[in-house]
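S.K.: Count the sequence shown with this note's numbering and you get residues 494 to 750, in order. From the three backbone atoms N, C-alpha and C, an ideal C-beta is built for every residue, glycine too.
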Amino acid sequence: MNIFQRFIKSLYSPKDIAKYRFLGIGKTILYVFLLMFLSTLPGLFHFSKMTITALNEGKQIFMEELPPFQIENGTLTSDIKEPFTLEKSDFHIILDPTGKITTQDIEKEGNAVALLKNEFVVIADRNTQNFPYSALEGMKLQNKDIDKFLSSIHGVLWIVLPIVFIIMYLFTSAMGFIKISIFAGIGILFARTFDRNLQYRNSWRIAAHCITLPTVFFVLMDALKTAVPGGLLINWIICLIFLYLTIREIPKPNRKA
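Structure follows, in structure tokens:
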């Protein structure tokens with residue numbers, strides 16, 4: 494059975510997933526990387542779309558719509574006394590030299606580009622990228638300089654976006670492997686409860702396939718930009734249910750009289 498057939502079966506068949514406990518570890522790891530690649534795509538799409546939109550509108554925004562500001566010695570300064578917010582169709586632009594707004598505050602706004610007191614923050618599809626001004630040591634930036642910087646970024650976007658995708662993909666994959674390892678341990682507890690003979694390495698292979706359905710569901714929700722209340726809890730409950738049903742499909746060991 495090839496990897497795509499396993500993918501389809503893992504969406505609905507605990508009985509088939511139970512058979513994958515004997516699958517080679519290499520094939521299982523490849524399957525996990527495929528799932529993590531799939532789960533990264535919506536975030537990359539929305540991040541790329543927002544980045545391109547922000548760059549295209551950047552010239553007008555920084556030269557005409559934002560108050561004058563300056564970035565020097567790792568700090569943003571401006572004559573404004575309160576944070577300034579500019580609302581666009583798909584995102585917010587925030588200028589805050591006061592230090593009142595934090596990254597956590599911006600995340601509540603959804604998609605946003607923010608120049609905070611000590612860092613530049615981009616948030617797209619719940620993915621946050623922080624760029625501290627301290628990395629610009631020795632440089633002095635104003636509105637017109639940001640405008641020139643955005644023009645240069647637009648020219649190397651084909652390099653920047655793949656790098657962002659790789660970072661997102663590696664982070665998502667790491668979280669996926671940790672999640673699978675946790676569920677593999679829970680699978681051992683289920684196996685002992687139901688008197689099934691199951692070792693950790695076999696439980697890991699099962700858990701890797703049990704996360705398929707919730708992964709696909711949340712990929713679709715992310716693609717549609719639809720927030721799911723209690724998404725993390727729902728994700729884990731679905732995984733637990735699939736893991737429970739799969740362990741039940743494993744035959745009980747024969748007991749000699």
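Considering only the beta carbon of each residue, do threonine 621 and glutamate 600 sit closer than 8 angstroms?
M.R.: yes
S.K.: Pair every Cβ in the stretch 683-703 with every Cβ in the stretch 728-741, then say whether three or more of these pairs are closer than 8 angstroms.
M.R.: yes
S.K.: Work out the CA separation of leucine 706 and valine 712 for me, nearest whole Å.
M.R.: Their backbone Cα atoms lie some 10 angstroms apart in a straight line.
S.K.: Let me know the secondary structure DSSP gives alanine 605 once reduced to three states.
M.R.: strand
S.K.: Would you grab the beta carbon distance between aspartate 715 and glycine 536 for me? Rounded to a whole angstrom, and I think it's under 8 angstroms.
M.R.: With 8 angstroms as the limit, aspartate 715 and glycine 536 qualify as a contact, their Cβ atoms being about 7 angstroms apart.
S.K.: What does the alpha-carbon distance come out to for the pair phenylalanine 676 and glutamate 565?
M.R.: Rounded to whole angstroms, the separation of the alpha carbons of glutamate 565 and phenylalanine 676 is 48 angstroms.
S.K.: Just verifying my parser: in three-state terms, what is the DSSP assignment at proline 507?
M.R.: helix
S.K.: Are the C-beta of tryptophan 697 and some C-beta of chain C separated by less than 8 angstroms?
M.R.: In the displayed structure, chain C is absent; only one protein chain is listed.
S.K.: I'd like to check one pair, isoleucine 501 with leucine 527: are the Cβ atoms closer than 8 angstroms?
M.R.: no
S.K.: Is DSSP giving glutamate 580 helix, strand or coil here?
M.R.: In the displayed model, glutamate 580 falls within a strand according to three-state DSSP.
S.K.: My assumption, with CB atoms under 8 angstroms, is that isoleucine 704 sits in contact with lysine 672. Please give the rounded CB distance.
M.R.: A Cβ-Cβ distance of about 7 angstroms is found for the pair isoleucine 704 and lysine 672, placing them in contact under the 8 angstroms criterion.
S.K.: Hey, how far is the Cα of glutamine 498 from the Cα of arginine 514?
M.R.: 16 angstroms
S.K.: Taking the CB atoms as reference points, tell me whether isoleucine 740 and phenylalanine 687 lie closer together than 8 angstroms.
M.R.: yes
S.K.: For leucine 654, which of Thr521, His539 and Ile518 has the nearest alpha-carbon?
M.R.: His539
S.K.: With distances taken from CA atoms, which of Leu548, Leu609, Ile656 and Ile573 is nearest lysine 581?
M.R.: Leu548
S.K.: For proline 507, count neighbouring Cβ atoms within 10 angstroms of its own Cβ and tell me buried if that reaches 16, exposed if not.
M.R.: buried
S.K.: Is the beta carbon of serine 532 sitting closer than 8 angstroms to the one on histidine 702?
M.R.: no
S.K.: Select from Ile727, Leu559 and Lys641 the residue whose C-alpha is nearest the C-alpha of threonine 578.
M.R.: Leu559
S.K.: From isoleucine 510 to isoleucine 545, what does the alpha carbon distance come to, in whole angstroms?
M.R.: 41 angstroms
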